[in-house]
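Numbering (this note's numbering), first residue to last: 26 to 186.
No residue lacks a Cβ here, since even glycine has one placed at the ideal position from N, Cα and C.
Structure first, commentary second.
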């Protein structure tokens, strides 16, 4: 079981290796939290290309090479190539950084939680990497509850001095 932690990503360097669907999902999760995201990939998913053109992410149009991860506060290997992902793991395992390798949870030192949020409330949900469907269902249910505003009535006395 992993300990849940909330990290300040504001202006931190986040490096994403790969420009496909998995990279898109990870980046969409990270964007609201203010990190400086750079994608390293010869090509980009159409939605990532839009984010690049709107100056929401950076893009180095190239294949991954050893040394690309240095100075990354958080590094994500999001390719469909096990050899590339493993190379990113080898490069980052000695670094003092957060590391997520999309195809091997044993090589990660953190997991992406399901995130439900509204306003300043942020809830992270995980099933410790064992049951993504359960975590996704719980995330959806909590998000629905947050959207109803019923929680504001239930907890209206909390947070008052």
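#### Entry: Residue span of the beta strand (DSSP E) that contains residue 82, given as start and end
Residue 82 -> no beta strand (DSSP E), and no H or E assigned at all.
### Task
Would you kindly work out how many angstroms separate the C-alpha atoms of residue 179 and residue 70, rounded to a whole number?
It is roughly 42 Å from the alpha-carbon of residue 179 to the alpha-carbon of residue 70.
### Query
Under the three-state reduction of DSSP, which class applies to residue 90: helix, strand or coil?
Residue 90 sits in coil when the DSSP states are folded into three classes, being neither helix nor strand.
### 8 Å contact criterion, which residue 62 and residue 42 should meet: CB distance rounded
About 12 Å separates the Cβ atoms of residue 62 and residue 42, ruling out a contact at the 8 Å cut-off.
### Query
Cβ of residue 51 within 8 Å of Cβ of residue 103?
With a cutoff of 8 Å on beta-carbon distance, residue 51 and residue 103 are scored as near each other.
### 8 Å Cβ cutoff met for residue 116 and residue 91
In contact: residue 116 and residue 91 (Cβ atoms closer than 8 Å).
### Message
So for residue 165, helix, strand or coil by DSSP?
### Response
The answer is helix: DSSP assigns residue 165 an H, G or I state.
#### Entry: DSSP three-state assignment for residue 175, whether helix, strand or coil
If DSSP states are grouped into helix, strand and coil, residue 175 belongs with the helices.
### Query
Between which two residues does the alpha helix (DSSP H) carrying residue 37 extend?
First-last for residue 37: undefined, no H or E at that position.
### Query
How many Å lie between residue 44 and residue 105 at the Cα?
Each residue's alpha carbon lies about 10 Å from the other.
### Task
Would you tell me roughly how many angstroms separate the C-alpha atoms of residue 163 and residue 88, rounded to the nearest one?
C-alpha separation (whole angstroms): 37 Å.
### Message
According to DSSP, is residue 95 part of a helix, a strand, or is it coil?
### Response
Secondary structure of residue 95 (DSSP, three-state): coil.
### Task
Report yes if the C-beta distance between residue 112 and residue 26 is below 8 Å; otherwise report no.
No, these two residues do not count as a Cβ contact at 8 Å.
### Query
According to DSSP, what are the bridge partners of residue 125?
Per DSSP, 101.
### Message
Looking at the strands, I want to know which residues DSSP matches up with residue 151.
### Response
DSSP lists no partner for residue 151.
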